[in-house]
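Chemist: Residue 210 in full-length UniProt numbering is what sits at position 210 of the sequence shown, and the numbering runs on without skipping anything.
Cβ coordinates follow ideal geometry from the N, Cα and C atoms, glycine included.
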Amino acid sequence: MSIRLTRIKEGGKKGMKELKKYRVAYLYIAPFFILFGIFGLFPIVYGLYLSFFRWDGMTQMHFIGIENYISIFKDVLFWRALKNTLVIGIIAHIPILLGGLALAFILNSKLIKGENIFKTIYFMPMVTSAVAISIVFQQMFGNNYGVINYFNVLLGGNKINWLGGDGSLIKVAVIVMFAWKWVGWNMVIYLAGMQGISSDIYEAASIDGASQTQVLFKICIPLLKPIIIFTVIQSTIGMFNLFTEPFILTNQNWNGGTNNGGLTLMMYLLNKAPQGGTLYGYASAVAYIITMMIVLISILVNKGTTDKSDPDYIAHQDMKRMRRERRRAARQKGAAGV
């Protein structure tokens, strides 16, 4: 026991020496951690704490345990919002990924001049006001004066009530808008990744007689795998944050329009606080459920796309095994010292 206490004291002294040695560096980075603690970490922890209470924001808080979480999973609207969000996100991810890769590859291949102009044009939806974009799309999909219905009638079809009717077509408008917004973002990220690939690789492929399709599927996509995973996670976060677009498309209907066709998880959350009046704890619980879903999807995406034959993956696993063995040996040594 005395040996262990001695080691703890020695470790503490060593830690204090390191702190004094790098105190100037710690002072420089301290403002970031202080601000992050106040405006980042504290709201996260307090939100989790709040999810176990019933509170209206003014009167005394009442602890109710996991009752908020139980109520959420029993609510039919929650499951409908989750279904709508997943349907919109999964379908929209197809053009987002494929369109982003295709546009990036075309611009990178120098088949089109004016790369910077096209990058700016395609990236504009991401930096343009979501409210302005939603109003434009609302007019496009309008029943009486919408551009889409105008051309549909011009070609001999009938008017389609995209944003009304039984509510089943509202998701189509949201999917189109969501994909249109995120394609440009992905394109810019993929293009930066393609331009980061060594020109020697492209030249070697050209000498070997590789076609443009082979270059895309055999060189670009495999090397862009970490970037693709990053963009999938980013757009997944965007999917769970969908609020402004469906809210405006459904004429600011908190229930997502007819038959809750446009109801998303973020609309469901924000409908509880402050719209719900006394459900701040309930809304906090919804927020944490959404967060856990994003974390779970991110883990699954990373796990599902991990190549276990990759040398970097093998080296990483070897390092983890060595650390475990060192910790085990240290514990055994400490136990023997007692």
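#1: Ile91 lies in the alpha helix (DSSP H); which residues open and close that run?
#2: Using only the alpha-carbon positions, how far apart do Leu191 and Leu242 sit?
#3: If you reduce the DSSP assignment to three classes, tell me which class Phe52 lands in.
#4: How long is the line joining the alpha carbons of Ala25 and Leu269, rounded to whole angstroms?
#5: What residue from Thr258, Ile248, Ile219, Asn302 has the CA that sits closest to Pro226's CA?
#6: Which residues mark the beginning and the end of the alpha helix (DSSP H) in which Gly193 is found?
#7: In this structure, does DSSP put Phe243 in helix, strand or coil?
#8: Residues bridged to Phe32 by DSSP?
#9: Would you say Lys259 and Gly167 are within 8 Å of each other, going by their C-beta atoms?
#10: Taking only the alpha-carbon atoms, compute the straight-line gap between Tyr280 and Gly157 and give it to the nearest angstrom.
#11: I'd like to know whether the C-beta atoms of Glu115 and Leu107 end up nearer to each other than 8 Å.
#12: Tell me Phe63's beta-bridge partners as DSSP assigns them.
#13: Relative to the C-alpha of Gly57, which candidate in Ala283, Leu296, Gly89 has its C-alpha closest?
#14: Is Ile117 close to the ligand NAD? I mean its beta-carbon at under 7 Å from any heavy atom of the ligand.
#15: Which of the three DSSP states is assigned to Tyr22 in this structure?
#16: What is the DSSP secondary structure of Ile112, counted as helix, strand or coil?
#17: Rounded to a whole number of angstroms, what is the C-alpha to C-alpha distance between Thr236 and Met16?
#18: Give me the Cα-Cα distance between Gln332 and Glu18, rounded to the nearest whole angstrom.
Modeler: In terms of the structure at hand:
#1: On the sequence shown, position 91 is the one that residue 91 refers to. Residues 76 to 108.
#2: Along the sequence shown, one-based indexing puts residue 191 at 191. Along the sequence shown, one-based indexing puts residue 242 at 242. Each residue's alpha carbon lies about 26 Å from the other.
#3: Within the sequence shown, numbered from 1, the residue matching residue 52 stands at position 52. Reduced to three states, the DSSP call for Phe52 is coil.
#4: Counting from 1 along the sequence shown, the entry for residue 25 is found at position 25. Counting from 1 along the sequence shown, the entry for residue 269 is found at position 269. The alpha-carbon of Ala25 is positioned some 41 Å away from that of Leu269.
#5: For the purposes of this step, residue 226 is identified with residue 226 of the sequence shown, where counting begins at 1. That would be Asn302, whose Cα lies nearest to the Cα of Pro226.
#6: One-based indexing of the sequence shown puts residue 193 at position 193. Residues 170 to 195.
#7: Position 243 of the sequence shown holds residue 243. Three-state result, Phe243: coil.
#8: Taking the first residue of the sequence shown as position 1, residue 32 is located at position 32. DSSP, once it has assigned bridges, lists no residue as partnering Phe32.
#9: What you label residue 259 is simply residue 259 of the sequence shown in a count that begins at 1. What you label residue 167 is simply residue 167 of the sequence shown in a count that begins at 1. The identity of residue 259 in the sequence shown is Asn, whereas the question assumes Lys. With a cutoff of 8 Å on beta-carbon distance, Asn259 and Gly167 are scored as near each other.
#10: By 1-based counting over the sequence shown, the position of residue 280 is 280. By 1-based counting over the sequence shown, the position of residue 157 is 157. If I take the Cα positions, the gap works out to 47 Å.
#11: Translated into positions along the sequence shown, residue 115 becomes position 115. Translated into positions along the sequence shown, residue 107 becomes position 107. Against a cut-off of 8 Å, the Cβ pair of Leu107 and Glu115 comes out as a contact.
#12: For this step, residue 63 is matched to residue 63 along the sequence shown. Phe63 pairs with Phe53.
#13: Residue numbering aside, residue 57 sits at position 57 when the sequence shown is read from its first letter. Considering only alpha carbons, the answer is Ala283.
#14: By its list of ligands, the structure shown contains no ligand whatsoever, and the ligand NAD lies outside what it can speak to.
#15: To locate residue 22, count along the sequence shown from 1; it is residue 22. Of the three classes helix, strand and coil, the one that applies to Tyr22 here is coil, per DSSP.
#16: Position 112 of the sequence shown, counted from the first residue, corresponds to residue 112. Here Ile112 sits in coil by DSSP.
#17: On the sequence shown, residue 236 is found 236 positions in, with the first residue counted as 1. On the sequence shown, residue 16 is found 16 positions in, with the first residue counted as 1. Taking the straight line joining both Cα atoms gives about 43 Å.
#18: For this step, residue 332 is matched to residue 332 along the sequence shown. For this step, residue 18 is matched to residue 18 along the sequence shown. Roughly 27 Å separates the two Cα atoms.
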